[in-house]
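Using our numbering, the first residue of the sequence shown is number 372, and each one after it goes up by one.
Note that CB positions come from ideal geometry on N, CA and C, so glycine has one too.
Structure, as C-alpha cells:
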Amino acid sequence: AISTSRSLTSVNLAENKLGPEGAKALAPGIRACTSLTKVELASNDLGGETGYVKASEVRGDSFAVGDKVLHQYKEMIVSEVRD
C-alpha cells in the first residue's frame, strides 16, 4: 500500500479516470507516505475539486519548471506553471 511504503518517491496515476471521488479515496494514503515527493494526476477528470497547488501555498525562491519548492513540509519539483 502507498501509505506504508518507506522508499516510494514518485507515483504516476495519470490517465486513470480517477475523478474527484477516486482522488479523494487515494488522498489519505498519499498524504501518509512520507517518502513521496511526486504524484502525477494529469488527465483524471478531477473537475477542479483537487488539482494544482497554488504558488501562494508553496515556499521557494523561484517557481520555474524544475525548481524545488516546499509544500506542507515536503519538497516538490515544479512540473508545470499556469497563470
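What does the Cβ neighbour count give for residue i, buried or exposed, with the cut at 16 atoms within 10 Å?
| i | result |
| --- | --- |
| Ala385 | exposed |
| Ala396 | exposed |
| Phe434 | exposed |
| Ala398 | exposed |
| Ala413 | exposed |
| Ala394 | buried |
Report back the beta-carbon spacing between residue i and residue j to the nearest angstrom; my notes put them in contact at under 8 Å.
| i | j | result |
| --- | --- | --- |
| Asn415 | Asn383 | Going by Cβ atoms, the distance from Asn415 to Asn383 rounds to 11 Å, so no, they are not a contact pair. |
| His442 | Val429 | 5 Å |
| Gly390 | Leu417 | 7 Å |
| Val424 | Gly431 | With 8 Å as the limit, Val424 and Gly431 do not qualify as a contact, their Cβ atoms being about 11 Å apart. |
| Cys404 | Ser381 | Wrong, their Cβ atoms sit about 11 Å apart, outside the cutoff. |
Name the residue from the options whose alpha carbon lies nearest to the alpha carbon of residue i.
| i | options | result |
| --- | --- | --- |
| Ile401 | Leu417, Leu379, Ala413 | Leu379 |
I want to check one thing, is the minimum distance from the CB of residue i to the heavy atoms of the ligand MN below 7 Å?
| i | result |
| --- | --- |
| Ser406 | The ligand MN is not among the ligands present in this structure, which contains no ligands whatsoever. |
Checklist line | Contact between the region 441-448 and the region 400-417 (3+ Cβ pairs under 8 Å) | finding: yes
Next item on the list: Enumerate, from N- to C-terminal direction, the unbroken beta strand (DSSP E) stretches of 3 or more residues contained entirely within the region 390-434.
Entry: 409-411
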